[in-house]
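Residue numbers in the sequence shown follow the working numbering, run continuously in steps of one, and reach 168 at the last position.
Beta carbons: idealized from backbone N, C-alpha and C, even for Gly.
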Amino acid sequence: MLPSYIQVDPERDLVLQRVIDVPPRLVWRCWTEPELLKQWFTPSPWRTVHCEINLRPGGVFHTVMESPEGERFPGSSCYLEIVENQLLVWTNALHPGYRPSNEDPGPTSFFTAVVSLEPHGTGTKFTAIAVHKDAPSAAAHVEMGFHEGWGAGLDQLVALAKTLQ
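Here it is as structure tokens:
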């Protein structure tokens, strides 16, 4: 369930919501175990070649994505809130230990990600929200392929989760 403090603003926030046919505990594992996350996080043919997770508020969520041409794109974030099997919240505006980031966030600007997992029958109601500071930042994220990319990643997560116990 989304925390009550998350109020989606359709002008500034992007939402991907689906009911998927794997239980929350397996979705959680795919989001929180680095070796699993590397297998699905980046839409193919891109790859996630590195992942570091320190699953605690203030902990690091760091990935390195690699393009088919071999160009690498690191991304560092700080976890803000963690509720096992239910909720992950992180932001790229902060580095681990809540240190403000001075890195160039690129065209999407800084954003906060909220991933909510709710039991739904034998599956999961999956909600991902990218919270942006303004409408142009959200529009830039849409232009970069938020829905397509996060949707393809989720499809890959579901396929991987179905192989897990």
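Where do the ends of the alpha helix (DSSP H) carrying residue i lie?
{"i": "G126", "result": "Not the alpha helix (DSSP H): G126 falls in the beta strand (DSSP E), residues 126-135."}
{"i": "D158", "result": "149-164"}
{"i": "L91", "result": "That residue, L91, is in no alpha helix (DSSP H); its beta strand (DSSP E) goes 90-94."}
{"i": "V145", "result": "138-146"}
{"i": "Q42", "result": "37-43"}
Report the option in the options whose CA atom is closest to the CA atom of residue i.
{"i": "G124", "options": "V117, P26, G109", "result": "P26"}
{"i": "R15", "options": "I85, S112, E36", "result": "S112"}
{"i": "N88", "options": "N105, T130, H65, G109", "result": "T130"}
{"i": "E146", "options": "H53, L17, V63", "result": "L17"}
{"i": "H53", "options": "M68, G61, G62", "result": "M68"}
So the beta strand (DSSP E) residue i belongs to, where does it begin and stop?
{"i": "G78", "result": "75-86"}
{"i": "T51", "result": "50-56"}
{"i": "P122", "result": "114-123"}
{"i": "E3", "result": "As displayed, the chain neither begins before 4 nor continues past 168, which places residue 3 out of reach and without an answer."}
Using the rule of at least 16 other Cβ atoms within 10 Å of the residue's Cβ for burial, across every protein chain shown, is residue i buried or exposed?
{"i": "S47", "result": "exposed"}
{"i": "S140", "result": "buried"}
{"i": "V95", "result": "The sequence given here places Asn at residue 95; Val does not occur at that position. That one is buried."}
{"i": "V86", "result": "exposed"}
{"i": "S2", "result": "What the structure shows of the chain is the stretch from 4 to 168, and residue 2 is not part of that stretch, so it cannot be assessed."}
{"i": "S119", "result": "buried"}
{"i": "A133", "result": "buried"}
In the DSSP assignment, what residue or residues form a beta bridge with residue i?
{"i": "I23", "result": "T127"}
{"i": "D16", "result": "V134"}
Q) Does the segment 142-154 come close enough to the segment 27-44 that 3 or more CB-CB pairs lie under 8 angstroms? A) Output reads no: the segment 142-154 does not touch the segment 27-44.
**Q.** Cβ contact check for the segment 14-25 and the segment 70-81: 3 or more pairs under 8 angstroms
**A.** No: the two stretches stay apart, fewer than three of their Cβ pairs being nearer than 8 angstroms.
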